[in-house]
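Everything below concerns the one structure shown next.
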Amino acid sequence: MTSTSRRLATALTASALTLGALAATAPSAAAGPIGPCTNLRAFNLEFRTGGDDLRGNSELLIWVTTRHGDVPLQPVWGGFGGNSTHHRSVAFADPNWTANSCEVTGMKIRLVSHPSWPEGPDNWNMDGLVVGGFGEAPSRSYFFSANGAPVKRFTGSDHTWSQLG
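Note that the working numbering has the sequence shown beginning at 956, numbered continuously upward.
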């Protein structure tokens, strides 16, 4: 094997190992409608918080992303302790809105800090998000899940996350 061949083989091996490491640490996600298409009206949200909590004076603005644009849900307020799980039930910001379960393409979250002195903007580790969407029937018609360590670290300068699924 020539020195050029060895260098090329070494570079290809290093690239493959790097890509494998990135894939192993990337957050996983799953999403999609359950059963026939239906108009979603309400959502059960499960937030898993990592080592950095979400303060009680911080707000999460949440959107369902669809093929036709983003549709806002009711905001969720913090008070999530570190390494904890919290459940919230929300509807669309306008109770007359719906989104077809077969048109949903993902989720988007924006952290809005409302710091009080002497605090600065909030940071938060979101290690997991599970979303169940419901229509008229009591059974779940849409499912979304994202898991990681963290899925997203929200900071004062990096406060938006979105995931297609």
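Ideal placement from N, C-alpha and C gives every residue a C-beta, glycine not left out.
Please read these numbers as outputs of a predicted model, since none were measured by experiment.
Bridge partners - residue i, DSSP secondary structure assignment
| i | result |
| --- | --- |
| Ser-1094 | Paired residue(s): none; Ser-1094 is not in a bridge. |
| Thr-1074 | The identity of residue 1074 in the sequence shown is Glu, whereas the question assumes Thr. In the DSSP output, where bridge partners are listed per residue, Glu-1074 has none listed. |
Residue burial classification, residue i (beta-carbon count within 10 angstroms, cutoff 16)
| i | result |
| --- | --- |
| Asp-1008 | buried |
| Trp-1072 | exposed |
| Ser-983 | exposed |
| Asn-1038 | exposed |
| Leu-1119 | exposed |
| His-1123 | With the chain covering only 956 through 1120, there is no way to say anything about residue 1123. |
| Ile-989 | exposed |
Spatially closest choice to residue i from the options, by CA coordinates
| i | options | result |
| --- | --- | --- |
| Glu-1074 | Gly-1011, Ser-1100, Trp-1052 and Phe-1047 | Gly-1011 |
| Arg-996 | Phe-1002, Val-1026 and Leu-1016 | Val-1026 |
| Arg-1065 | Arg-1108, Asn-999, Arg-1095 and Phe-998 | Arg-1108 |
Rounded C-alpha distance that separates residue i from residue j
| i | j | result |
| --- | --- | --- |
| Asp-1077 | Thr-1110 | 6 Å |
| Asn-1051 | Gly-1005 | 35 Å |
| Asn-1055 | Asn-1102 | 24 Å |
| Ser-1044 | Ala-1092 | 16 Å |
Same chain, Cβ closer than 8 Å to residue i, neighbours up to 5 away in sequence not counted
| i | result |
| --- | --- |
| His-1023 | Glu-1058 |
Cut-off 7 Å between Cβ atoms - residues of its own chain near residue i, not counting five sequence neighbours on either side
| i | result |
| --- | --- |
| Ser-1068 | Ser-1013, Pro-1076, Asp-1077 and Gly-1111 |
Residues near residue i in its chain [Cβ-Cβ closer than 6 Å; skip 5 each side]
| i | result |
| --- | --- |
| Thr-980 | Because the pLDDT of Thr-980 is 44, which lies under 50, any placement of that residue in the model is unreliable, and the question is left without a value. |
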